[in-house]
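For the sequence shown, counting from 1, position 20 maps to 20 in full-length UniProt numbering; every step adds exactly one.
Beta carbons are placed, not taken as given, at the ideal position from N, Cα and C, and that holds for glycine.
Structure record follows, encoded as structure tokens.
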Amino acid sequence: MPGEVPLLFTHWGAYRATVADGTLQELEGLAGDPDPSPIGRSIPGTLRDELRIHQPMIRAGWLRHGPASREQRGQEPFVPVSWELASALVAGEIRRVTTEHGNSAIFGGSYGWASAGRFHHAQSQLHRFLNACGGYTFSVNTHSYAAAEVLLPHVLGSQDGLVGRHTPWAVLERHTKLMVMFGGMPLKNTQVSAGGVGHHDVAAHLRRCRAAGMEFVNIGPLREDAMAELEAEWITPRPNTDTALMLALAHTLWAEGLHDAAFLARCTTGFDRFLPYLTGAADGQPKDAAWAAAICGLDAGAIRALARRMAATRTMIAVAWSLQRADHGEQPLWAAVTLAAMLGQIGLPGGGFGFGYGGSNRIGHAPHPFSWPALPQGRNPVRDFIPVARVADMLLHPGAPFDYDGQRRHYPEIRLVYWAGGNPFHHQQDLNKLAAAWKKPETVVVHEPWWNALAKQADIVLPCTTSAERNDIGIATGEAHLFAMRQLVPPVGEARSDFDILSGIATHLGLADAFTDRRDEMGWVRHLYALARQRAASHELALPDFEQFWQDGHIRLPQAAQETSLLQAFRADPDAAPLATPSGRIEIFSETIAGFGYADCPGHATWLEPAERLDGTGALLHLVSNQPRTRLHSQYDHGAYSRQSKVAGREPVTMHPADAAARGITGGMLVRLFNERGACLAGAVLSDAVMPGIVQLATGAWYDPAPDGLDRHGNVNVLTLDKGTSALSQAPSAHTTLVQVEPYTGTPPATHAFLPPEILEPRP
């Protein structure tokens with residue numbers, strides 16, 4: 001019967017839980033999920049492992065000397081203290097900093113992947129609390145697709161086709177004949193969706209597409225970024241040269257009269273401003289196939305043949321989110337839209353473009369036409385913000401100016417960093433730079449269940465519960481699944497939920513009612529479900545009452561019906577359904593962006609040399625730091641499923657056999673990757689599924705720096721470039737990174753990533 005087996009709902013799926021004697025024994029994929037994620041195997045063994053933090057901890061030097069001791073952050077043992085003392089200390093720091101320096105001196109660092117629950121969402125909890133305190137400096141955009149978030153509203157008037165409203169799979173299956181995938185469509189990424197997954201079905205959709213006769217082209221450095229069953233043609237341009245390739249495809253369409261002049265005239269603006277650049281009339285260099293071939297390392301004839309093939313049939317241009325996480329990452333997005341506009345298939349069933357197919361499970365699903373409820377965060381009166389990847393620059397250069405989307409702003413001076421959810425020692429680039437910047441704030445407070453790098457680099461560590469140790473409501477957005485996230489096991493030690501932690505601090509500050517709204521955990525869960533029920537009912541979708549939902553544990557609503565392609569209504573009548581751009585049309589040339597005067601992001605799609613790029617000599621290798629298959633970002637790297645993937649006790653790095661042979665590297669060998677920013681160790685794996693000149697090292701290995709800065713465990717972000725993509729978005733550019741790789745010949749250092757720090761005797 002429903003409800004007899006408790007469920008655990010995560011960003012990577014829902015699982016049936018086996019619990020005995022207060023311990024989570026096993027997780028099994030939800031019945032009906034055709035492809036449950038194996039990441040769940042890591043959860044049971046980690047709930048009570050040696051890395052769990054059992055009570056509040058204070059760095060010893062901070063406890064003795066307060067903020068004056070920040071130079072020792074990350075190098076000292078910790079002292080366990082009571083919740084009463086820890087809450088009072090945090091409240092005192094908030095009061096001191098806001099009184100002496102103002103609320104902009106607090107940086108509310110958070111990233112929303114900690115829990116899939118709608119209530120225990122760490123980012124929302126922290127931001128609601130800090131807003132109750134008077135506000136905080138915040139970050140804008142996401143690491144996943146920050147460049148796109150800023151660019152696309154200028155070009156398309158919205159983010160449609162990036163995070164939602166894609167042409168749905170059902171339409172692609174029936175109408176698309178050719179899927180051209182810039183950056184591939186890696187199935188491992190579809191294990192996950194922000195807010196959770198109820199049903200993993202992307203592989204099934206792709207199989208149906210192939211069975212219907214769709215052909216696939218995988219353009220990127222990794223063959224496995226396209227399922228083998230798709231029988232995709234594999235084209236391997238040098239990384240970071242996709243814009244040049246797209247421009248050459250566009251040039252071929254123009255030169256051979258294959259473009260759709262009527263669509264360009266009716267649905268776009270600025271093609272006449274872009275054309276002189278494309279043809280070379282503006283600068284003397286036609287952006288033709290021969291030009292691109294030299295940049296991309298491809299055959300010019302193959303480029304022209306692909307352009308003709310795309311023009312001859314119904315084509316979907318799919319661009320992975322990863323392409324825009326590179327220097328000038330705005331350009332491949334803009335070039336893709338321009339190329340699709342020249343093909344003239346935007347708004348036709350199965351044609352046009354889409355960003356992020358294969359980026360997460362939800363892309364290509366049709367969501368219901370309303371938003372599900374979330375914990376309200378309140379209003380932040382502080383106006384200071386930074387682009388999401390500019391954390392180190394903010395801490396290192398207070399008062400320095402920076403550009404962002406036509407604005408000239410300045411970095412605030414941060415005295416207190418408060419982080420709950422997310423791990424900057426995973427997702428920030430150039431971690432040696434971040435480690436130096438991290439010593440600048442006077443106090444760092446974090447919520448963490450485990451002793452990861454962020455906890456070890458904090459002053460005050462407040463142990464928080466996991467999703468298995470509290471009650472919540474889960475909603476798989478776009479998939480019509482709702483889950484009762486009932487507490488499965490008691491909290492470990494003295495761990496508390498983020499809500500309870502912040503409620504305790506709010507009490508010390510006299511803000512308890514403002515933060516809690518006089519509701520406890522279950523009061524909020526019931527409230528959010530009631531809102532969900534109201535919103536569903538407004539669209540004639542009936543949800544059971546709360547008691548029935550809580551007993552049954554899982555509701556699946558009818559899937560929303562969507563048979564329309566992206567921008568279909570706009571194509572049908574651009575005047576009646578204009579875009580929210582200044583012209584109401586697709587802006588191949590943007591007067592707004594051109595008016596900003598940014599040399600690194602002009603007014604139309606442009607080939608701009610990246611800061612680092614392969615030169616064809618083979619002296620350096622291009623580093624692909626893609627998403628891992630064995631964990632979500634850095635979550636559960638210490639779990640069994642991730643640990644079993646390690647090679648030589650480190651994160652595996654994959655390289656082509658020819659590149660390995662040239663460096664004296666064999667499979668299973670411990671190797672050192674290095675550049676001017678840093679170095680790390682990894683275990684070598686050889687495969688011809690990566691193109692020559694490439695090394696692939698996934699993100700998320702727990703940061704484990706030795707005293708000399710060498711990362712002993714394989715954290716790729718000691719190597720990556722910390723540079724904004726452009727002055728427009730200042731987005732992360734991790735995929736613009738060159739490295740060298742060599743055998744490690746010394747005595748292998750022991751890894752400390754999965755060891756807790758030294759803990760001193762409790763304070764009397």
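Query - W291 versus P276 - alpha carbon distance - result: Looking up residue 291 in the sequence shown gives position 291. Looking up residue 276 in the sequence shown gives position 276. Taking the straight line joining both Cα atoms gives about 16 Å.
**Report entry** Spatial distance of K177 from L230 (CA atoms)
**Finding:** Start at 1 with the first residue of the sequence shown, and residue 177 comes out as number 177. Start at 1 with the first residue of the sequence shown, and residue 230 comes out as number 230. Distance between the alpha carbons of K177 and L230: 13 Å.
Requested in this report: Go through its chain and collect everything with a Cβ distance to C464's Cβ below 7 Å, but skip five positions before and after it.
Outcome: Position 464 of the sequence shown, counted from the first residue, corresponds to residue 464. Around C464: H447, E448, P449, A495, R496, S497, D498 and I501.
Query raised in the report: If we call anything under 8 Å between Cβ atoms a contact, is V202 one with W12?
Result: Sequence index remark: in the sequence shown, residue 202 carries index 202 (1-based). Sequence index remark: in the sequence shown, residue 12 carries index 12 (1-based). It is not a contact, given that the beta carbons lie outside the stated cut-off.
Requested in this report: Could you name the residues of the same chain whose beta carbon sits closer than 6 Å to that of E758, not counting the 5 residues immediately before and after it, in chain order?
Outcome: Walking along the sequence shown from the start, residue 758 turns up at place 758. Contacts found: P77.
Query raised in the report: How many angstroms separate the CA atom of L760 from the CA atom of R48?
Result: Within the sequence shown, numbered from 1, the residue matching residue 760 stands at position 760. Within the sequence shown, numbered from 1, the residue matching residue 48 stands at position 48. Looking at the two C-alpha atoms, the distance is approximately 20 Å.
Query raised in the report: Excluding five sequence neighbours on each side, which residues of the same chain lie with their C-beta closer than 6 Å to the C-beta of L710?
Result: As a position in the sequence shown, residue 710 is number 710, starting the count at 1. Closer than 6 Å at the Cβ level, and outside the excluded window around L710, lie A679.
Query raised in the report: How should E408 be labelled, buried or exposed, when 16 other C-beta atoms within 10 angstroms of its C-beta is the threshold for buried?
Result: As a working mapping, residue 408 is identified with position 408 in the sequence shown. Note on residue identity: the sequence assigns Arg, not Glu, to residue 408. The residue is exposed, with fewer than 16 neighbouring Cβ atoms inside 10 Å.
Requested in this report: May I have the straight-line CA-CA distance separating M669 from Y145, to the nearest angstrom?
Outcome: As a working mapping, residue 669 is identified with position 669 in the sequence shown. As a working mapping, residue 145 is identified with position 145 in the sequence shown. Cα-Cα distance, rounded: 35 Å.
**Report entry** Nonlocal neighbours in the same chain, by C-beta distance under 8 Å from A611, ignoring five residues either side
**Finding:** On the sequence shown, residue 611 is found 611 positions in, with the first residue counted as 1. Correct list, in chain order: D327, L721, K723, S733 and T736.
Query - Where D545 falls, given that 16 or more other Cβ within 10 Å makes a residue buried - result: Stepping through the sequence shown from its first residue, residue 545 is reached at position 545. With fewer than 16 other Cβ atoms within 10 Å, it is exposed.
Query - Which residues DSSP lists as bridging V741, in chain order - result: For the purposes of this step, residue 741 is taken as residue 741 along the sequence shown, with counting starting at 1. DSSP, once it has assigned bridges, lists L673 as partnering V741.
Query raised in the report: If we count Cβ pairs, one from each stretch, closer than 8 Å, do we get three or more for the region 616-626 versus the region 367-379?
Result: no
Query raised in the report: For V445, which option in G421, S538, L686 and L431 has the closest C-alpha, if you only look at C-alpha atoms?
Result: Within the sequence shown, residue 445 is the residue found at index 445, counting from 1. Checking every option, the nearest Cα to that of V445 belongs to G421.
**Report entry** Among E71, R70, R64 and S69, nearest to V79 - alpha-carbon criterion
**Finding:** The sequence position of residue 79 within the sequence shown is 79, counting from 1. Checked all of E71, R70, R64 and S69; the closest Cα to V79 is R64.
Query raised in the report: Using the C-alpha atoms, what's the distance from V525 back to V140?
Result: Within the sequence shown, numbered from 1, the residue matching residue 140 stands at position 140. Within the sequence shown, numbered from 1, the residue matching residue 525 stands at position 525. Their Cα atoms are separated by approximately 28 Å.
Query - Contact check, residue 815 vs Q740, beta carbons under 8 Å - result: Because the chain is modelled from 1 through 764, residue 815 falls outside the range shown and cannot be assessed.
Report task. Could you spell out where the alpha helix (DSSP H) holding S139 opens and where it closes? Result -> By one-based count along the sequence shown, residue 139 stands at place 139. That residue, S139, is in no alpha helix (DSSP H); its beta strand (DSSP E) goes F138 to V140.
Requested in this report: With distances taken Cα to Cα, identify the nearest neighbour of residue 766 among I106, V163, W254 and A226.
Outcome: Lying before the first or after the last residue shown, residue 766 is absent from the chain, which here runs from 1 to 764.
Query raised in the report: Per DSSP, F216 is paired with what?
Result: For the purposes of this step, residue 216 is identified with residue 216 of the sequence shown, where counting begins at 1. F216 is bridged to M179.
Query - Helix, strand or coil at M655 according to DSSP, with G and I counted as helix - result: Counting from one through the sequence shown, the residue named residue 655 turns up at place 655. Of the three classes helix, strand and coil, the one that applies to M655 here is strand, per DSSP.
Requested in this report: Drop a sphere of 10 angstroms on the beta-carbon of P762, count the other beta-carbons inside from all chains shown, and report buried for 16 or more, exposed for fewer.
Outcome: On the sequence shown, position 762 is the one that residue 762 refers to. Its Cβ having fewer than 16 others within 10 Å, P762 is exposed.
Query raised in the report: Would you call the CB atoms of F182 and V319 closer than 8 Å?
Result: Numbered from 1 along the sequence shown, position 182 holds the residue referred to as residue 182. Numbered from 1 along the sequence shown, position 319 holds the residue referred to as residue 319. Contact flag set, yes.
Query - Nearest-angstrom Cα separation, counted from V382 out to S726 - result: Here residue 726 corresponds to residue number 726 of the sequence shown, with the count starting at 1. Here residue 382 corresponds to residue number 382 of the sequence shown, with the count starting at 1. Rounded to whole angstroms, S726 to V382 spans 25 Å at the Cα level.
Query raised in the report: With respect to the alpha helix (DSSP H) encompassing I473, which residues constitute its N-terminal and C-terminal limits?
Result: Numbered from its first residue, the sequence shown carries residue 473 at position 473. Counting along the chain, I473 falls outside any alpha helix (DSSP H), though it belongs to the beta strand (DSSP E) covering D472 to A476.
Query - Rounded straight-line distance, which links the Cα of H752 to that of P707 - result: For the purposes of this step, residue 707 is taken as the residue at position 707 of the sequence shown. For the purposes of this step, residue 752 is taken as the residue at position 752 of the sequence shown. When rounded, the distance between both Cα atoms is 12 Å.
**Report entry** For G195 and I475, believed in contact at Cβ under 8 Å, the rounded distance
**Finding:** Reading the sequence shown from its first residue, position 475 is the one you call residue 475. Reading the sequence shown from its first residue, position 195 is the one you call residue 195. Yes, I475 and G195 are in contact; Cβ-Cβ is about 7 Å, under 8 Å.
Query raised in the report: Apart from the five residues on each side of it in sequence, which residues of its chain come closer than 8 Å, Cβ to Cβ, to N380?
Result: As a first step, residue 380 is located in the sequence shown; it is residue number 380 there, counting from the start. Within the same chain, N380 has close Cβ partners H127, L130, N131, G135, Y136 and F138.
Query raised in the report: Should R650 be labelled buried (16 or more other beta-carbon atoms within 10 Å of its own) or exposed?
Result: Counting from 1 along the sequence shown, the entry for residue 650 is found at position 650. Counting Cβ neighbours within 10 Å, R650 comes out buried, since at least 16 surround it.
Query raised in the report: Apart from the five residues on each side of it in sequence, which residues of its chain come closer than 8 Å, Cβ to Cβ, to M1?
Result: Translated into positions along the sequence shown, residue 1 becomes position 1. For M1, the predicted structure reports a pLDDT of 36, less than 50, and the residue's modelled location is therefore unreliable. A value from the coordinates is still provided. There are no such residues.
Query raised in the report: Just to confirm, are A576 and Q627 a CB contact at a threshold of 8 Å?
Result: Counting from one through the sequence shown, the residue named residue 576 turns up at place 576. Counting from one through the sequence shown, the residue named residue 627 turns up at place 627. Result no, Cβ atoms of A576 and Q627 do not sit closer than 8 Å.
**Report entry** Length at least 4, wholly inside the region 81-111: the alpha helix (DSSP H) runs in chain order
**Finding:** 83-101
**Report entry** Alpha-carbon to alpha-carbon, L187 and Y529
**Finding:** Here residue 529 is taken as the residue at index 529 of the sequence shown, counted from 1. Here residue 187 is taken as the residue at index 187 of the sequence shown, counted from 1. Between Y529 and L187, the C-alpha separation is close to 32 Å.
Query raised in the report: Closest to V5 by CA distance: which of D659, G553, Q730 and M214 is it?
Result: The residue you call residue 5 lines up with position 5 of the sequence shown. With distances taken between Cα atoms, V5 lies closest to G553.
Query raised in the report: Nearest to A335 by alpha carbon, out of R672, F107, A148 and S645?
Result: For the purposes of this step, residue 335 is taken as residue 335 along the sequence shown, with counting starting at 1. Of the candidates R672, F107, A148 and S645, the one whose C-alpha sits nearest the C-alpha of A335 is A148.
Requested in this report: Report the residue ranges of all beta strand (DSSP E) runs contained in full by the region 514-593; include only those spanning at least 3 residues, in chain order.
Outcome: 554-556
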